[in-house]
Structure formats: C-alpha cells, structure tokens
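These notes concern the structure reproduced below.
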Amino acid sequence: MINKLLFSGALIFESLSWAMIFREPTLLEGMLYVVLPHAVACVLLAIAVWMFLPTRYKAPLPWAPLFLFSIAFFIPLLGIVGVIFSVFPALYLQRKRYAQVWQNIGVPGLPFRPLERRHSPMFQDGGLQDVLYLATDPERRLNALLATRRMPSHESVPILKLALRDPADDVRLLAYSMLDQKESGINHRIERLLERLGQDDGAEPEATHAGLARWYWELAYLGLAQGSVLDHVLGQARKHAEQSLALESNPEVHLLAGRIALEQGDLSAARSFFKQAQNGGIRYEKIAPFLAEAAFAAGQYDEVPHLLSKLPEHALSRPPFAALARYWL
Amino acid sequence: MTVQQKNAQLITHGGHADVCLLLEGTWPYVRGGVSSWINQIILGLPDVTFSILFIGGQREAYTKRHYEIPTNVVHIEEVFVEDAWHFAPRTEQEASEGSVRDLQNMYRYFHHPQKPDEITGEAVLGSLASGQLTMQDVLRSRASWEAITEGYLNHCSDPSFINYFWTMRTMQSPMVMIAEAAARMPRARLLHAISTGYAGLAGCILKRRWQCKFILSEHGIYTKERKIDLAQASWIAENADEALNSSLDPTSGYIRSMWIRFFERIGLMVYRNANPIIALYDGNRQRQIIDGAAPDRTRVIPNGIDLPRWNPLRESRPQGIAPVVGLIGRVVPIKDVKTFIRAMRTIVTQMPDTEGWIIGPEDEDAEYASECHSLVSSMGLENNVRFLGFQKADEILPRLGVMVLTSISEAQPLVILEAWCAGTPVVSSDVGSCRELIEGGTAEDRDLGQAGEVVAIADPQATANAVLRLLGDPERWQAAQAAGVARANRYYGEALMLERYRKLYSSSMGTL
Numbered sequence: 001m002i003n004k005l006l007f008s009g010a011l012i013f014e015s016l017s018w019a020m021i022f023r024e025p026t027l028l029e030g031m032l033y034v035v036l037p038h039a040v041a042c043v044l045l046a047i048a049v050w051m052f053l054p055t056r057y058k059a060p061l062p063w064a065p066l067f068l069f070s071i072a073f074f075i076p077l078l079g080i081v082g083v084i085f086s087v088f089p090a091l092y093l094q095r096k097r098y099a100q101v102w103q104n105i106g107v108p109g110l111p112f113r114p115l116e117r118r119h120s121p122m123f124q125d126g127g128l129q130d131v132l133y134l135a136t137d138p139e140r141r142l143n144a145l146l147a148t149r150r151m152p153s154h155e156s157v158p159i160l161k162l163a164l165r166d167p168a169d170d171v172r173l174l175a176y177s178m179l180d181q182k183e184s185g186i187n188h189r190i191e192r193l194l195e196r197l198g199q200d201d202g203a204e205p206e207a208t209h210a211g212l213a214r215w216y217w218e219l220a221y222l223g224l225a226q227g228s229v230l231d232h233v234l235g236q237a238r239k240h241a242e243q244s245l246a247l248e249s250n251p252e253v254h255l256l257a258g259r260i261a262l263e264q265g266d267l268s269a270a271r272s273f274f275k276q277a278q279n280g281g282i283r284y285e286k287i288a289p290f291l292a293e294a295a296f297a298a299g300q301y302d303e304v305p306h307l308l309s310k311l312p313e314h315a316l317s318r319p320p321f322a323a324l325a326r327y328w329l
Numbered sequence: 330m331t332v333q334q335k336n337a338q339l340i341t342h343g344g345h346a347d348v349c350l351l352l353e354g355t356w357p358y359v360r361g362g363v364s365s366w367i368n369q370i371i372l373g374l375p376d377v378t379f380s381i382l383f384i385g386g387q388r389e390a391y392t393k394r395h396y397e398i399p400t401n402v403v404h405i406e407e408v409f410v411e412d413a414w415h416f417a418p419r420t421e422q423e424a425s426e427g428s429v430r431d432l433q434n435m436y437r438y439f440h441h442p443q444k445p446d447e448i449t450g451e452a453v454l455g456s457l458a459s460g461q462l463t464m465q466d467v468l469r470s471r472a473s474w475e476a477i478t479e480g481y482l483n484h485c486s487d488p489s490f491i492n493y494f495w496t497m498r499t500m501q502s503p504m505v506m507i508a509e510a511a512a513r514m515p516r517a518r519l520l521h522a523i524s525t526g527y528a529g530l531a532g533c534i535l536k537r538r539w540q541c542k543f544i545l546s547e548h549g550i551y552t553k554e555r556k557i558d559l560a561q562a563s564w565i566a567e568n569a570d571e572a573l574n575s576s577l578d579p580t581s582g583y584i585r586s587m588w589i590r591f592f593e594r595i596g597l598m599v600y601r602n603a604n605p606i607i608a609l610y611d612g613n614r615q616r617q618i619i620d621g622a623a624p625d626r627t628r629v630i631p632n633g634i635d636l637p638r639w640n641p642l643r644e645s646r647p648q649g650i651a652p653v654v655g656l657i658g659r660v661v662p663i664k665d666v667k668t669f670i671r672a673m674r675t676i677v678t679q680m681p682d683t684e685g686w687i688i689g690p691e692d693e694d695a696e697y698a699s700e701c702h703s704l705v706s707s708m709g710l711e712n713n714v715r716f717l718g719f720q721k722a723d724e725i726l727p728r729l730g731v732m733v734l735t736s737i738s739e740a741q742p743l744v745i746l747e748a749w750c751a752g753t754p755v756v757s758s759d760v761g762s763c764r765e766l767i768e769g770g771t772a773e774d775r776d777l778g779q780a781g782e783v784v785a786i787a788d789p790q791a792t793a794n795a796v797l798r799l800l801g802d803p804e805r806w807q808a809a810q811a812a813g814v815a816r817a818n819r820y821y822g823e824a825l826m827l828e829r830y831r832k833l834y835s836s837s838m839g840t841l
C-alpha cells in the first residue's frame, strides 16, 4: 500500500515538474516549481525502490537509498527508467549459485609441479633428493623416483642410487629396476657392437670401436659403475678408443679418449689426446675445461686460471663455469 | 609312462579334494622358494587331498614340470591368461546383448578411479561365479561397448581410444576365462590361494560358487610386485605427449595407472573375501593391512624347514672354513646375480684363492644368464666364478664357506634356513624379512646373536666386505654359524609350520 502511495506521489510530483519546465520559468520559479517537485519525486521514488531491493542490498545506510536518489535526481527521467529496468532485473535474476562455492583440493605431494611449468626449463631438481631424505610417506618418495624419469640420466642416477638404501621395499625395488633398465640398455648396445665386431665382414670397424668406447664411457660417466667395476669399464673404453684411433684419426674420439684417460688419472696421456683433438679441429674452448681439470689434478694450479680465461665470456658467466670463474679468475 | 601322459591322466582325474590350491606361475612348473613351500605343504600333509588350479601367463612358458605330482593331488586344472587374448572370429549368431548392469558393475569395480564399495564387488563376483557374464558379453555385446566408451569419455585422460579399448579387453577377458575354468573344478571343501592376483580372483569366484572357506597365504606381496613391474613396463603404450613432457610430473599415463588399479582392485577383492590372510612375517602383514586387509583376519605363519633331515648335514662339512662363496637361486634379474659377480671381483682381489659358485638353473631368463656369463669374463673372474646350474641344496650347502643372497626382493627365503642347518653363515641383502632372520626379531631371538650379515641391495662393495669379514675371522664365522643353527632349530621348524596349517585346514573344513 505504502509503495503505491510512494510511486504515485513520485509520478505526480515528477509530472508537475515536467509540466512547469515547458512554461519557461525564471530561475527562481524554476528552482521552486521544477527542481523542488523533481527532488521530492526523486526522494519518494528512491524510498519506494529502496524498499524493493533485496535485503542484502539495502545496507549500508544512507548510501544505498542516496545512490538511488542521486541517479534519479541528476539524470532526470532516464535515471529512473534506468534504475527500474536495469538494476532490478540484475538484482533479482542473478546467475544461479551453487550451494558449494568452494572446491576441496588436497595438499599436493612434494615433488609436485603444475603441468604449465613444462615451458620453463630453469627449475631446480635437487629438491628430489630432499624428498627422498625427508618425506615420511613412501608414496611421495616413489613419486620422487618416478619424477626422475624425465631428467637426464647423469642427474637421475645419484638420486636413484640414494633410493637403493630407502627403508621402504617398494622404493628400493623401483629404484633398482629403473637403474637396471638404464644399465641394461647400455649393456645391450655394447653387446650388439661387440657382436658386429666379431663378424669378419664387419664394415667400418673404427666406428664400431668408437661406439664401444662411447658406451663404456657412458657407464662410467652416469655413475653406474664403481670400484673395481669402474676401473674395468674405463679400461675397456680406453682400449676401444685407442683401437678406433689406430684405424682412423678422429678428433671427437681423441677428445673422448682424453676424457677417459683423465678419469683414469693418466694425465700425460689425457693431455696428448686433447692436443691431438685440438689439432684435428675441435674448438679450443671445448677442450680448455678438460685441460684445466688435468692441470688441477696435476697440482699445476697456476695454469688453471690461464686455461679458464680462454673460455668465451658467455660460457664463464653461466653455470657450470660461473662459480669456477669467480674462484679462479 | 611319459610325463605328458601322466599330466593328461591327472588333469582328467577329476577327483574331489579336501583343499583346492590356487596357484599362479609357480609349482609344479617353476623351481623356487614358493614352489618348494607348496611341495612341502602337499608332501607334509599326506592325509589331505589337494586339487590344483594352475594359472600361467603364456602356455609355451610352462612345458616342463619340475616336481613329481604327489599321490594326494587328485586333480589339476590349467588355464593360461594369454589364451584369453586369442579372440575367436565373430559370427552372426554370437552377437550378444549383454547385461548392462553386470558390465557397468565390472567397470565400476575394476576400472573406475574411485575406490569401489563392497556391494559392487559382490555383484561382479556373483555374475562371474554364476556364469551369467560370458566371454561374448565382455567382448562383443553392446552393453560392454557402452560401459567401456562411457568410461573412456568420463575418466580416460589418454587420448588414444584404441589403447584404452584394447587395454580394457586385455584386462576383462582373462577374468571371464578364469571364471569358466573355475566352473570346471571339482568341488573341494576348502580354498587356499598362494597369492592375490588371478589366483586370488579364482579363489573369490570359487568361494562364491561353493560357499566354503577361503584361505590366502601370501609369500611376496603380489600387488606390490605388479606395481613395480608396471611402473617400468615398456609394453604399455605411452602417449606421445607424455614422452615430450619435460616437467617432473610423477604421474605415468592413464593406461599404466589403469593396469595398476586393476591389480589393486583384485587384491582388495581377495582381501575382502579371504579369511584368514596369512603372511610369512610381520612386515608383510602390515603391508596387507595397508592394502585393505582387515587386521583381525591377518596372521603370520613363518616358513619352516625339515630339521631332522637338514641338521645331520653339518656332519658332512669339511674341516675349517671353505674359501667358497655361494649364491643359490635361479639366475634371474630379481636375484641380482650381477651384484654377486661384482662383489666377487673385490673378494678375489683380497683373497685370490676364493671361489664364487652360482648355483641355480639358467633356463628361465637365458638372456640375463648370458649377460652374467659375459660379466664374469669381462671382470676377469673365469678362474674364480663358476656356474654350477641346478644342484641339490643339501649336497652343495655344506661345501660353502659363506652363502650370499643378493636378491632385490624376497619374503622369507627358505634357502637361508637351509644354509643355517648346513652350518653356513649368510650374507644377505636387506629385503623382506632377511634382517629379522639374520639379526633376530624379538629380544629373545636377538640374544642368539647374528647369523651372518645384512647389507644394502645392489651394493657389491658392502657385500664383498661382509663376506671378507666372515671368511677372514674364524671366531666371527663360528659365532655366526652357531647363531644360525640355534635360530633355525628354535623358531623355524617345518613341523611347527605344518602343524599350524593342519590346524587351520581342519578348523576351516570342520574336521579332517
């Protein structure tokens, strides 16, 4: 009832104000007969509309009704029409809301990486070792192992070796089978190459020997061999590298032979291989780090900065050489 | 009579038995710990009759039986999982409508990502046991197609429908085949499965048919071993997207997780149906509880050894400590023979006249065996390491100075008990209950002393050092020998184990 009175009052005052505006009133008359009735009409309308608002939009006072009033007052006619035709449907016909406005998502396991991060190659993998050391739930440690499948082998092998000593059977078993798979893959290649070598008509024996050297070296480089087994593997790698070189000189194989000799601690042989690799056309900056390592192993520390400084600027400013450069240069 | 004729005769015998043993990939075709345990049980309980349901993978892999079939085995039924994948060509009459409810339940129980409730499991068992769900329903019915495609649309995150579809068929058809084989079994009074997996599933189906008791004895934990296999299996098609994924995402593709889930669900079904659920040691019992076994149904019955037969072997030992290190086991990757060979390298460097004997058949994994042979020659150990093939344990064990077990997975190896009775200390990798065996479980048990040493798996250096400590220190060696003999005699007698099973059988069947 009161709403009807308010609306009809508003309509009467507004009509009065519009009727007066066409009589070309003076400023005073205008204030009195046009603006005042319009203001009264707007007050009535604002109250009426305010009463129709959904409860939670009624507060805060006086700002809610004042807002309605100011729209109606400062935008005559259009303001009112606008308020009625846009605000009301919007307030009453809202989008459907669901009873549960939140979703329960468990805390992700530790080696968790959102899939979007696949574009960034810069994340740290060392954290996986911490998971193996610290996570109490074996499931997480298993996940840490599974995560290593996407890492380069020489980084994942130390993590897998660590997991071989895990208290949980499952973790140990998985680590073992992952290590075994890597090792068997390499051994399989070695066997195939040895077979090819055994055939009398084997073409390009120098390439086969080089391949053998490379795979034996891979076993040592990945850390899959230790102790007397490591010595054996390095010995085989060296033997095949030398056999390959005896058949055909190849700077890449010289470099490989140098690295093998370096690992064996045979520094003079390593240096001579590196020299030949360089003569064969391998860029000096590729050889310099190994020469520096040989110098370090031989205790010729004054040569190390000299050799490292031969590296190009961009290599020295980045890992793995950045820390070395800081110390030696 | 040839073995073949004998087999045929046994298979068609069809006698009713007291206990139906459900076996997967073990006795009488494979030699090993589990097989000799089964043999022990059958021979040790001569007044109990047994029927056997043997489930194998490929038919070709099981051609030669390594055990004599005892007279108290009255029926053998064999079924091979791979046969279920040779689908017969489709004919017009064979088209089947299939029960929508049965096939949906099957999906819901074995393949749905959410853990299923017991009612669904019972419903699936019901339709398998009654023969209501046929091979045609699973392979060629509209209802099956709909259940499978609905699952693909709702849950599968691998885009390849072909991979998904054939994986589903590969999983579902053996279950029906096993149910059909179970229907051919003559009725027994009691069911006894030696693992979960397909054998356990057959147990659930038969329990439903016969309404009898169902006992489960697990040696290793089947589900766990399957999970490790599957995590690495290269036969599972990998989504190309996965291979390119460079993030450290530990998930391994939907098809792979579907396989793992399948075996987990079978395990769960078996744990819900079997009572009691027996483990060889407490570690495995805890594991069964984690995997869904009700704690009050679980119990531990350790392995046992025939003491009166084994104890006299010590008399035949030569004087002093023989410089011989032996590994007894099949030459297969799980025994990690390569670690033994690598350890021998270090041992021989320190004690040049030591010999390493690898005692066990090499035919199971010929490729691995040849890898081991080439490792021996490439390590320069031809004069020190010998492959002896299969030998009788009671003849070879007294000739060893130390027995080494490098396995990466074991439950409770019988061979350790045998070595002790023969007076040989043991160096073992830290797997299964080996630590408990060698160092002692309870405080009282520990007081008996260490019967050898425990080392980490795949650690040749530690293994070699442990062996050298024993071989090089007679006092230490004597103490380990005494501890082993005392422990085997006090805790691990076969009579004790057989008595427990006899009681279990008789209480489960009413009387014997």
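Chains as they are written, first to last, in the numbering used here: chain L, 1 to 329; chain R, 330 to 841. For each residue, glycine too, the CB sits at the ideal point set by N, CA and C.
Between residue i and residue j, is the Cβ-Cβ spacing less than 9 Å?
i: HIS548/R; j: VAL363/R; result: yes
i: LEU11/L; j: ALA41/L; result: yes
i: GLN199/L; j: SER707/R; result: no
i: ALA560/R; j: ARG590/R; result: no
i: PHE7/L; j: PRO37/L; result: no
i: VAL705/R; j: VAL733/R; result: no
i: LEU255/L; j: ALA277/L; result: yes
i: ARG715/R; j: GLU693/R; result: no
i: PHE73/L; j: GLY79/L; result: yes
i: VAL348/R; j: ALA517/R; result: yes
i: LEU530/R; j: MET504/R; result: yes
i: MET464/R; j: CYS533/R; result: no
i: LEU782/R; j: ILE767/R; result: According to the sequence as given, residue 782/R is Glu; it is not Leu. For GLU782/R and ILE767/R, yes; Cβs fall inside 9 Å.
i: GLN807/R; j: LEU609/R; result: no
How would you list, in chain order, the residues of chain L whose beta-carbon sits under 8 Å from the beta-carbon of residue i?
i: PRO662/R; result: ASP180
i: ILE289/R; result: Chain R is shown only over 330 to 841; residue 289/R falls outside these bounds and no answer can be derived.
i: SER707/R; result: HIS232 and GLN236
Using a C-beta cutoff of 9 Å, does residue i count as contacting chain B?
i: GLY621/R; result: This model lacks chain B altogether; the protein chains it does include are L and R.
Which residues of chain R have a Cβ atom closer than 9 Å to the Cβ of residue i, listed in chain order?
i: ARG165/L; result: ASP759, ALA785, ILE786 and ASP788
Find the residues of chain L that neighbour residue i, judging by a C-beta separation of less than 7 Å, and give them in chain order.
i: ARG674/R; result: SER228 and VAL229
i: THR678/R; result: SER228
i: GLU700/R; result: ASN187
Can you pull the chain R neighbours of residue i, defined as C-beta to C-beta under 8 Å?
i: ASN3/L; result: In chain order: nothing, as chain R lies at least about 52 Å away.
Kindly list, in the order they appear in chain R, the residues whose Cβ is closer than 7 Å to that of residue i.
i: ASN104/L; result: Per Cβ cutoff of 7 Å: no residues; ASN104/L is ~15 Å from chain R at best.
Could you tell me which chain L residues have their CB closer than 9 Å to the CB of residue i, listed as they occur along the chain?
i: GLU593/R; result: Neighbours of GLU593/R on chain L: none; closest Cβ ~13 Å, over 9 Å.
i: ILE745/R; result: Ordered by position in chain L, no residue passes the 9 Å Cβ test against ILE745/R, which lies about 17 Å from the chain.
>> Quick test of the definition: if touching needs 3 or more C-beta pairs under 8 Å, does the region 614 to 624 of chain R touch the region 633 to 646 of chain R?
In response: no
* Do the region 676 to 695 of chain R and the region 744 to 761 of chain R meet, that is, are 3 or more Cβ pairs less than 8 Å apart? -> Contact between the region 676 to 695 of chain R and the region 744 to 761 of chain R is absent, because fewer than three Cβ pairs lie under 8 Å.
Touch check for the region 468 to 476 of chain R and the region 451 to 458 of chain R: three-plus C-beta pairs under 8 Å?
-> no
**Message:** Pairs of beta-carbons, one from the region 206 to 217 of chain L and one from the region 238 to 248 of chain L, closer than 8 Å: are there three or more?
**Reply:** The region 206 to 217 of chain L is in contact with the region 238 to 248 of chain L.
- request: Closer than 8 Å, Cβ to Cβ, to anything on chain L: give me those residues from the region 783 to 813 of chain R, in chain order.
  value: ALA785, ILE786, ALA787, ASP788, PRO789 and GLN790
Mind listing, in chain order, the continuous beta strand (DSSP E) runs of no fewer than 3 residues lying wholly within the region 358 to 388 of chain R?
379 to 385
Next on the checklist: I'd like to know if the region 714 to 732 of chain R and the region 741 to 754 of chain R are in contact, where contact means that at least 3 CB-CB pairs between them fall below 8 Å.
Outcome noted: With the cut-off at 8 Å, the region 714 to 732 of chain R and the region 741 to 754 of chain R touch.
_Unbroken stretches of the alpha helix (DSSP H), 4 residues or longer, contained in the region 675 to 749 of chain R_ = 695 to 707 and 722 to 725
- prompt: What residue ranges within the region 758 to 808 of chain R form continuous alpha helix (DSSP H) runs of no fewer than 4 residues, ordered along the chain?
  reply: 763 to 768, 772 to 775 and 789 to 801
Checklist entry - Of all the residues that make up the region 758 to 774 of chain R, which are near chain L by a beta-carbon distance shorter than 7 Å? => result VAL760
- Task: State whether the region 431 to 450 of chain R contacts the region 404 to 421 of chain R, with contact taken as three or more CB pairs (one from each stretch) at a distance under 8 Å.
- Result: Contact fails: fewer than three Cβ-Cβ distances are below 8 Å.
query = If you measure beta-carbon to beta-carbon, which residues of the region 222 to 250 of chain L are closer than 8 Å to chain R?
reply = GLN226, GLY227, SER228, VAL229, HIS232 and GLN236
Note to self: Please list, in chain order, the residues of the region 452 to 482 of chain R that have any C-beta partner in chain L closer than 8 Å.
What the structure shows: none
- Query: Are the region 601 to 608 of chain R and the region 673 to 686 of chain R touching by the rule of at least three beta carbon pairs closer than 8 Å?
  - Reply: no
- Task: Pull out every residue of the region 539 to 566 of chain R whose Cβ sits closer than 9 Å to any Cβ of chain L, in chain order.
- Result: ILE550, LYS553, GLU554, LYS556, ILE557, ASP558, ALA560, GLN561 and SER563
- Item | Contact the region 150 to 162 of chain L vs the region 666 to 674 of chain R: 3+ CB pairs below 8 Å | no
(message) At a CB distance below 8 Å, what residues from the region 267 to 285 of chain L approach chain R? Give them in sequence order.
(response) Going along the region 267 to 285 of chain L in chain order, one finds no residue with a Cβ nearer than 8 Å to chain R.
Unbroken beta strand (DSSP E) runs of length 3 or more, entirely within the region 600 to 669 of chain R: which are they? 606 to 608, 627 to 629 and 653 to 657
task = Would you mind listing the alpha helix (DSSP H) stretches within the region 487 to 571 of chain R that are 4+ residues and don't spill past its ends, in chain order?
result = 490 to 513, 526 to 539 and 551 to 561
Are there three or more Cβ pairs, one per stretch, closer than 8 Å when the region 772 to 783 of chain R is compared with the region 803 to 817 of chain R?
yes
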